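Worksheet: the structure to be examined is printed underneath.
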Amino acid sequence: MYDLSPTRERLRQLIDFGRLNDGDPRITICATDLESGDAVMFDSASERIEIDHTLASCGFIPEFAPMQIAGRWLGDGGFSLNAPFDPILETPASLRLYVVDLFARDGQVPDGLEAAAERKSDLTYGDQTFQRLGHALEARQLRAVSPEPSPALAGGSGGHQRS
Numbered sequence: 163m164y165d166l167s168p169t170r171e172r173l174r175q176l177i178d179f180g181r182l183n184d185g186d187p188r189i190t191i192c193a194t195d196l197e198s199g200d201a202v203m204f205d206s207a208s209e210r211i212e213i214d215h216t217l218a219s220c221g222f223i224p225e226f227a228p229m230q231i232a233g234r235w236l237g238d239g240g241f242s243l244n245a246p247f248d249p250i251l252e253t254p255a256s257l258r259l260y261v262v263d264l265f266a267r268d269g270q271v272p273d274g275l276e277a278a279a280e281r282k283s284d285l286t287y288g289d290q291t292f293q294r295l296g297h298a299l300e301a302r303q304l305r306a307v308s309p310e311p312s313p314a315l316a317g318g319s320g321g322h323q324r325s
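Counting from 163, one number per residue, gives the positions in the sequence shown under my numbering.
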């Protein structure tokens with residue numbers, strides 16, 4: 163149904179996967195498990211990113227083919243998690259985060275069906291990223307200024323535990 167060989171070849175020409183996987187900069191790519199709807203993260207800090215991971219992350223069905231990786235059929239990451247910055251923000255070290263979002267939150271009122279469909283995608287994906295990033299940055303700042311919870315508060319000795 164889909165022939166991804168031209169796309170594979172183009173990605174081989176454009177992306178230096180050796181450099182991409184050397185850890186600097188760190189990269190996370192997200193795909194969506196098409197059966198469960200779960201976000202599936204690929205993080206260069208813990209695994210090698212390859213062409214299939216890249217293709218899976220942009221398998222915007224039905225226009226683009228899904229990819230099978232480790233027995234799971236994966237499609238575009240935007241279906242579950244448009245910008246996979248969570249693992250990077252969990253690191254306590256100082257960092258510079260770049261989020262490339264292809265969808266604009268701000269825009270014009272659509273004047274036709276095609277423009278309405280495009281604006282719908284912009285709002286759906288762009289707003290998701292904006293909202294999640296705001297909450298994630300707030301949580302990161304709270305972790306930076308909050309002391310570690312005491313064992314009693316964390317469910318240790320003397321605290322109440324759920325079974």
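Every residue gets a Cβ at the ideal spot worked out from N, C-alpha and C, and that includes glycine. Predicted, not measured: the structure shown is a model, and the values here were computed from it.
A direct Cα-Cα distance of roughly 22 Å separates glutamate 197 from isoleucine 211. The three-state secondary structure of isoleucine 211, taken from DSSP, is coil. The DSSP-derived three-state label of arginine 258 is coil. The C-alpha of leucine 166 lies about 33 Å from the C-alpha of glycine 269. Straight-line spacing of the CA atoms in alanine 278 and glutamate 225 works out to 19 Å. As the crow flies, the alpha-carbon of methionine 203 is around 17 Å from that of tyrosine 260. Taken through DSSP and simplified to helix, strand or coil, glycine 237 comes out as strand. For the pair glutamate 300 and glycine 288, the Cα-to-Cα distance works out to about 19 Å.
Boundaries of the alpha helix (DSSP H) harbouring aspartate 289: 289–307, taken from the DSSP string. By the C-beta criterion, the stretch 212–222 is judged to be in contact with the stretch 173–183, since at least 3 inter-stretch pairs fall below 8 Å.
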